[in-house]
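Here's the structure we're looking at; comments come further down.
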Amino acid sequence: MRILSLAGRRLAASIPTLFLILIGVFLLLQFAPGDTVDAMMAQMGGGDAATARELRKFYGLDLSIPMQLGNYLWRLIRLDLGFSSIYGKPVATVIIERLPPTILLMTASLSFAFFFGLLLGVIAARGVNKWPDTLISTLGLVFYATPSFWFGLMAIVVFSIYLQWLPAGGFEDIGAVQSGFGRTIDIAQHLILPTLTLGLIFLAIYLRIMRASMLEVLNLDFVRTARAKGLDETRVVAKHVLRNALLPMVTLIGLQAGTMLGGSVVVESVFSLPGLGRLAYESVVQRDLNTLLGIVFVSALLVILVNFLVDLLYARLDPRIQAEG
Amino acid sequence: MSAVDNPILTIDGLSVKLPKGADRSHALNGVSLAIAANEIVCVVGESGSGKSVMANAIMRLLPGEVAIDGGRVLFEGKDLASASNTEMRKVRGAGIAMIFQEPMTALNPLRTIGDQIGEMFEIHTELSKKEIKARVLGLLADVHIPDPAQAARAYPHELSGGQRQRAMIAMALALDPRLLIADEPTTALDVTTQAQILKLIKELQSRRNTAVLFITHDFGVVAEIADRVVVMQHGNVVEQGSVKDVLTNPQHPYTQQLIAAVPPLTAPPPRALSDDIILDLASVSKTYRNGGFLGRGVRVTHAVKSVSLKLPRGATLGIVGESGSGKSTLARCIIRLIDPDGGSILLEGKDWAKLSRDEVRRETQHIQMVFQDPFASLNPRRKAGDLVAQGPIVHGTPRADAMAQAEELFRLVGLDPSAIDRFPHEFSGGQRQRIGLARALALKPDVLVADEAVSALDVSVQAQVLKMLYELRERLGLSIVFITHDLRVAAQICDLVAVMKDGEVVEHGLAGEVFGNPQHAYTQALLASIPGGDFARSRVPLTA
Chain A
1 MRILSLAGRR LAASIPTLFL ILIGVFLLLQ FAPGDTVDAM MAQMGGGDAA
51 TARELRKFYG LDLSIPMQLG NYLWRLIRLD LGFSSIYGKP VATVIIERLP
101 PTILLMTASL SFAFFFGLLL GVIAARGVNK WPDTLISTLG LVFYATPSFW
151 FGLMAIVVFS IYLQWLPAGG FEDIGAVQSG FGRTIDIAQH LILPTLTLGL
201 IFLAIYLRIM RASMLEVLNL DFVRTARAKG LDETRVVAKH VLRNALLPMV
251 TLIGLQAGTM LGGSVVVESV FSLPGLGRLA YESVVQRDLN TLLGIVFVSA
301 LLVILVNFLV DLLYARLDPR IQAEG
Chain B
1001 MSAVDNPILT IDGLSVKLPK GADRSHALNG VSLAIAANEI VCVVGESGSG
1051 KSVMANAIMR LLPGEVAIDG GRVLFEGKDL ASASNTEMRK VRGAGIAMIF
1101 QEPMTALNPL RTIGDQIGEM FEIHTELSKK EIKARVLGLL ADVHIPDPAQ
1151 AARAYPHELS GGQRQRAMIA MALALDPRLL IADEPTTALD VTTQAQILKL
1201 IKELQSRRNT AVLFITHDFG VVAEIADRVV VMQHGNVVEQ GSVKDVLTNP
1251 QHPYTQQLIA AVPPLTAPPP RALSDDIILD LASVSKTYRN GGFLGRGVRV
1301 THAVKSVSLK LPRGATLGIV GESGSGKSTL ARCIIRLIDP DGGSILLEGK
1351 DWAKLSRDEV RRETQHIQMV FQDPFASLNP RRKAGDLVAQ GPIVHGTPRA
1401 DAMAQAEELF RLVGLDPSAI DRFPHEFSGG QRQRIGLARA LALKPDVLVA
1451 DEAVSALDVS VQAQVLKMLY ELRERLGLSI VFITHDLRVA AQICDLVAVM
1501 KDGEVVEHGL AGEVFGNPQH AYTQALLASI PGGDFARSRV PLTA
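If you're matching them up, the sequences are chains A and B in order.
Per our numbering: the first sequence = residues 1 to 325.
Per our numbering: the second sequence = residues 1001 to 1544.
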């Protein structure tokens, strides 16, 4: 319970940060030339100045910047994200439509990176400075150094165009209307390449952290105690080393949740996934301020939520946390 | 080979090779010894003598680059030096068990005590979960842990140091091993806890007929517990024999030197003390508060409770106490590394408790500190000379003069002046502590605060450093506040002694009186707990 109140307190402490971010993004976008109305006029194929003025008045864009900001924040407090003039729907609806692909992609990439990072890290640490370690470390370096868009493009070339095993883009097959299990399989197939693309970079980070942390823990006294008890190496690693070595990895998940959301912009663009990242990119291009701020708000909430869960998980893994609080 | 009937373990010409680039080629050179059932054999030696390597070699737990390259380790007729890994795993824990120096790090912090003890049964026996649980509780009761059920559920950090070591012993004895290897098991413990653990080991050993190979650097512990003694130096056994023979009639010069360096418990004859009080502490207090948020659930620790002490000019005041007694906090308050909450600290008429940060910085040349850990307290990236000269330079001495002074100080503390260009890691522990002392003396302080300044050193090095302090005190007229947990060290160098417990001074007075005729129950308990007390008392004090 103590840990819940602790995590809750941290949750509360992140609210001011959230507002600061929103205000920052709002002001930054004011520096960009053009506004929603310009983008709409361009879509409509142009129009006269009077129409533009009418539209600006309608969307409240003729007010001064502090007034607009004040209006926005006041609506936000009432949990109203506003109305997207580009999509003609409330921002909340737009975001909820686009949220599932991103969340699926993030969860899948994170699990993939975490699981295989852990596995490869353990293998590398067990055979430190021997060929498995060298191979894994080199591969990790390659994954880490290669830009993710290039990975994505190459994956499309090889697996979608040349081998034709997997779809090249999209979230599901629009041609065939499927339901239930068939749809799940279809979406999973569409997500394999994006997940790998986004996950590989994080896999490289996780595997390096895991390797280092394993090597450190393997040198600790209690590992010697475990060996002195007559445990075989597999049990030493599984029962004593692994959980201790996992602690830095868990910290890393919280730190990287934000980076992963950023990375999904690129991956969603490459694989034309209708997710939050692409939506963010489109709203910047179309100067759709309300939608963009909504996305920032939701992403920040996601990151805060992930960190909250990481805090709970960490406390579950490490009994010392509760005592020190 | 020494004649031992029915040996349980026979080590025969055991050699252990060190990796290239180590300070010597072999950690062990043809070591031979034997241990019989129901016998406690102490292996004594200073750091680097190879005693821990030997313990790990028996268990075949040596780190990767260190390997056995000759000799045999016969345990129940089997040669462990050439046994397969699978055979070794059957011996470890079940046949030979081990306990280690630092029970905090030797236990997995993320698993409960009961779980870790139970693991012994899980891997070596076919017992059911319920039986294992009952056995674990039985073992914890055997090692006299107050509430076994609660201790079994506890994580290592929730127990005290002594209880952790008890749990460790319970774990080691779970399967009734024939041999118990104890690698400095009491070194990290307070003296009263140490006495209890030694008693426990002895009690369990005689009840279960376990042979014990006890590794220690402390001759007091040897006198307390050993049946036979093996003395090691540089990877060789230099002497072995019954405890009585070795302690009272050592043959090898190294053994004689080691025993001569053991500090005696009797204080040297008192020196005349000046009436001029240089440092006057009056009701100094320090309270820590932590764990609270907006005043809720605050844990208050009274680290120092209204301590009043006087240090005459040129005298040495010893502050002794166990860990958590507040002695280090008091030392840090005196030199204002931390701010006391109340009281006054008069040094040459100035109240240090009330000086501002700036004034403290300017006045530090009057009072300097020597720290415990000679490895951690010197910046590894700076040359020894720079470390010593830094203080005077900060206080306005030109660099060239300060370096010249540093050379002079190196000579004073018995180091080669040409060593000022070397880095701290190129010095041994004792030499580093000399650098620490030179650093403190560079500012020509009136008062020197030594916080456990010799505790991390081997006995022979400890004796040398103490002797040097003794001489410097005479030569420079230093007044010293000497903080230590080791009563034997305090007895040797201090004119006055204050005994601290839970932040309070329970007894203080002339060293000879406090040690010779202790009044407070706690002081009496402390003195009674000193391992090999009779042995220590029988020896003559060191004179400069």
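We treat Cβ as the ideally placed atom computed from N, Cα and C, and that holds for glycine.
{"Item": "Mind checking which residues open and close the alpha helix (DSSP H) that includes residue 232 of chain A?", "Value": "Run containing residue 232 of chain A: none; DSSP gives neither H nor E here."}
{"Item": "Buried or exposed for residue 15 of chain A, going by 16 or more other Cβ atoms inside 10 Å?", "Value": "exposed"}
{"Item": "Could you name the residues of the same chain whose beta carbon sits closer than 6 Å to that of residue 1097 of chain B, not counting the 5 residues immediately before and after it, in chain order?", "Value": "1172, 1177 and 1180"}
{"Item": "Apply the 10 Å Cβ neighbour rule to residue 9 of chain A and answer buried if 16 or more other Cβ atoms are within range, or exposed otherwise.", "Value": "exposed"}
{"Item": "Does the beta carbon of residue 127 of chain A come closer than 9 Å to any beta carbon on chain B?", "Value": "no"}
{"Item": "Does any residue of chain B bring its CB to less than 9 Å from the CB of residue 232 of chain A?", "Value": "yes"}
{"Item": "Between residue 99 of chain A and residue 306 of chain A, what straight-line distance do the alpha-carbon atoms span, to the nearest angstrom?", "Value": "15 Å"}
{"Item": "Closest Cβ-Cβ distance between residue 1192 of chain B and chain A: below 9 Å?", "Value": "no"}
{"Item": "Just grab the DSSP bridge partners of residue 1288 of chain B for me.", "Value": "B/1301"}
{"Item": "Going by C-alpha distance, which of A/172, A/318 and A/194 is nearest residue 277 of chain A?", "Value": "A/194"}
{"Item": "Just to confirm the assignment: which complete alpha helix (DSSP H) runs, minimum length 4, are found wholly within the stretch 1152–1187 of chain B?", "Value": "1161–1172"}
{"Item": "Let me confirm a value: residue 1527 of chain B is counted as buried when at least 16 other C-beta atoms fall within 10 Å, else exposed. Which label applies?", "Value": "buried"}
{"Item": "Within its chain, find whatever has a CB closer than 7 Å to the CB of residue 200 of chain A; leave out the 5 residues flanking it on each side and keep chain order.", "Value": "143 and 151"}
{"Item": "Are three or more beta carbon pairs between the stretch 1109–1127 of chain B and the stretch 227–241 of chain A nearer than 8 Å?", "Value": "yes"}
{"Item": "Looking at C-beta atoms only, is the number of pairs between the stretch 179–195 of chain A and the stretch 293–307 of chain A that lie closer than 8 Å three or more?", "Value": "no"}
{"Item": "Is there a Cβ from chain A that is less than 9 Å from the Cβ of residue 1019 of chain B?", "Value": "no"}
{"Item": "Compare the Cα-Cα distances from residue 1481 of chain B to each of B/1056, B/1318 and B/1109 and report the closest residue.", "Value": "B/1318"}
{"Item": "Can you pull the chain A neighbours of residue 1038 of chain B, defined as C-beta to C-beta under 7 Å?", "Value": "What residue 1038 of chain B touches in chain A: nothing, since even the nearest Cβ is about 22 Å away."}
{"Item": "Taking 8 Å as the cut-off, does the CB of residue 98 of chain A come closer than this to any heavy atom belonging to the ligand ZN?", "Value": "The ligand ZN is absent from the structure shown, which contains no ligands of any kind."}
{"Item": "Label residue 161 of chain A either buried or exposed according to how many other C-beta atoms from any shown protein chain fall within 10 Å of its C-beta, with 16 as the threshold for buried.", "Value": "exposed"}
{"Item": "Could you name the residues of the same chain whose beta carbon sits closer than 8 Å to that of residue 1438 of chain B, not counting the 5 residues immediately before and after it, in chain order?", "Value": "1388, 1406, 1409, 1410, 1412, 1413 and 1415"}
{"Item": "Any idea what DSSP makes of residue 1342 of chain B, helix, strand or coil?", "Value": "strand"}
{"Item": "Quick check on DSSP: helix, strand or coil for residue 1236 of chain B?", "Value": "strand"}
{"Item": "I'd like to know whether the C-beta of residue 1054 of chain B is nearer than 9 Å to at least one C-beta of chain A.", "Value": "no"}
{"Item": "At what residues does the alpha helix (DSSP H) containing residue 1440 of chain B begin and finish?", "Value": "1429–1441"}
{"Item": "Let me know if residue 1060 of chain B comes out buried or exposed under the rule of 16 or more other beta-carbons within 10 Å of its beta-carbon.", "Value": "buried"}
{"Item": "In three-state DSSP terms, what is residue 347 of chain A?", "Value": "In the structure displayed, chain A extends from 1 to 325; residue 347 of chain A sits before or after that span and is not available."}
{"Item": "Hey, does residue 1124 of chain B have any beta-carbon neighbour from chain A nearer than 9 Å?", "Value": "yes"}
{"Item": "Can you find a CB in chain E that lies within less than 9 Å of the CB of residue 224 of chain A?", "Value": "Considering every chain present, this structure includes no chain E. Its protein chains are A and B."}
{"Item": "In this structure, how does DSSP classify residue 1508 of chain B when only helix, strand and coil are distinguished?", "Value": "strand"}
{"Item": "Are three or more beta carbon pairs between the stretch 1210–1227 of chain B and the stretch 1021–1032 of chain B nearer than 8 Å?", "Value": "no"}
{"Item": "For the beta strand (DSSP E) that contains residue 1316 of chain B, what are its first and last residues?", "Value": "1316–1320"}
{"Item": "Hey, is residue 16 of chain A's beta-carbon within less than 9 Å of any beta-carbon in chain B?", "Value": "no"}
{"Item": "Within the continuous alpha helix (DSSP H) that includes residue 290 of chain A, where are the two ends?", "Value": "289–317"}
{"Item": "So which residues of chain A does residue 1094 of chain B contact, with C-beta pairs closer than 7 Å?", "Value": "230"}
{"Item": "Three or more beta-carbon pairs under 8 Å between the stretch 1346–1353 of chain B and the stretch 1508–1526 of chain B, yes or no?", "Value": "no"}
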